[in-house]
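Engineer: Here the sequence shown is numbered in our numbering, starting from 193 and rising by one per residue. We treat Cβ as the ideally placed atom computed from N, Cα and C, and that holds for glycine. Sharing a structure below in structure tokens format, with a few things to ask.
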Amino acid sequence: VHTIGRAEFRDGKCVRLHGTFQDITERKEADRRFRTAQDMSPDGFTILRPVWDESGQVIDFLWVYENAAIARTNGTDPKTIVGQRLLSLFPGHQGTTFFQAYKQVAETKEPYTFEDVYSGESLSQPTWFRVVVVPMDEEIAILAENITERKQAENEIKAAYQQLQATEQQLRASNQQLEASNQQLRAT
């Protein structure tokens, strides 16, 4: 139950209450379901609150929430990270596409989606992510999907295609040489 109001006292006794009482059971249940779904998600989900400087520029972010998937990726604890600054924990984020996207969404209130590779404090191997950053009131929400396997497969396909093109060019050159040789044999 959520209450807003004030009590009216006479002679030290409460004689009347002015205000409202609101049953927020459904909202609490929806929040519980949301957090359960996020914690079971294989994709990382984070909510950050921007830290603004006196000139109105975003200079950092405070952690509001992270799910279990991004906690595993970051090597952090969802219970202790709340309230901590992003750049204090991960200074390598400064100047990255990731940080610039977070700032852009916080400042413009426009969603932004991108794919980029990251390696830093918590990731020893370069890891590709598809990232969706959206505004949420005064905060931003970030969905991060690890797409490293997909990117590796794309690179393998590109390499195979380039090899196929090289082989095709070699075959064309060989065919041209054979055709020239055949023409010389017919001429003699």
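1. Just mark H210 as buried or exposed, buried being the case when its beta carbon has 16 or more other beta carbons within 10 Å.
2. R322 lies in the beta strand (DSSP E); which residues open and close that run?
3. Whole angstroms are fine: how far does the CA of M328 sit from the CA of Q357?
4. Candidates R208, T305, T272, H285: which alpha carbon is nearest G312's?
5. Since I believe E302 is in contact with D322 (beta carbons under 8 Å), could you give me their beta-carbon distance rounded to a whole number of angstroms?
6. Where does I332 sit, in a helix, a strand or coil, going by DSSP?
7. Can you look up E313 in the DSSP assignment and give me helix, strand or coil?
8. Give the range of the beta strand (DSSP E) segment to which F464 is assigned.
9. DSSP on F290, reduced to helix/strand/coil?
10. First and last residue of the alpha helix (DSSP H) that includes E341?
Structural biologist: Reading from the atomic positions:
1. exposed
2. 319-328
3. 48 Å
4. H285
5. Note that residue 322 corresponds to Arg in the displayed sequence, not to Asp. Between E302 and R322 the Cβ distance is about 18 Å, and since that is not below 8 Å, they are no contact.
6. strand
7. coil
8. Only positions 193 to 380 of the chain appear in this structure, which leaves residue 464 out of reach.
9. helix
10. 340-379
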